[in-house]
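To start, the structure itself, in structure tokens.
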Amino acid sequence: VGEAEQLEQEVDEFVGKKTDKSYRLLEEMLTKLLLELDSIETGGQDSVRQARKESVHRIQAILEKLERKGL
């Protein structure tokens, strides 16, 4: 989650195009976080599943924000 907060701040500060290296790097790092979350086993625990779900939604929202900012 701390990494997501850092990336969200970078997305908030981003100004540029979708073809910029910084855009692609942010997109790649956020996608990597999603893949890491996908690999988490919940072991049938609802609290773990819910936390993972909330984290995935947050990162998806950050990705959408980045897409809107990219020109």
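Take the sequence shown: its position 36, counted from the start at 1, is 36 in the UniProt record's numbering, and no numbers get skipped. Ideal Cβ placement from N, Cα and C applies to all residues, glycine included.
Check each candidate in the options and name the one with the smallest Cα separation from residue i.
i: Gly70; options: Glu3, Glu41, Ala4 and Lys21; result: Lys21
i: Glu5; options: Val15, Leu26, Gly16 and Gln45; result: Leu26
i: Ser55; options: Gly44, Glu13 and Lys32; result: Lys32
Which value, in whole angstroms, describes the spacing of the CA atoms of residue i and residue j?
i: Glu41; j: Ala51; result: 12 Å
i: Val48; j: Leu7; result: 22 Å
Report yes if the C-beta distance between residue i and residue j is below 8 Å; otherwise report no.
i: Ile59; j: Leu34; result: yes
i: Val11; j: Lys65; result: yes
Start and end of the alpha helix (DSSP H) containing residue i?
i: Val56; result: Asp46 to Lys69
i: Glu41; result: It is not in any alpha helix (DSSP H) - Glu41 carries neither H nor E in the DSSP assignment.
i: Asp20; result: Here Asp20 belongs to no alpha helix (DSSP H), and DSSP marks it neither H nor E.
With a cut-off of 8 Å, does the C-beta of residue i fall near any C-beta of chain C?
i: Gly2; result: No chain C appears in this structure, which consists of one protein chain only.
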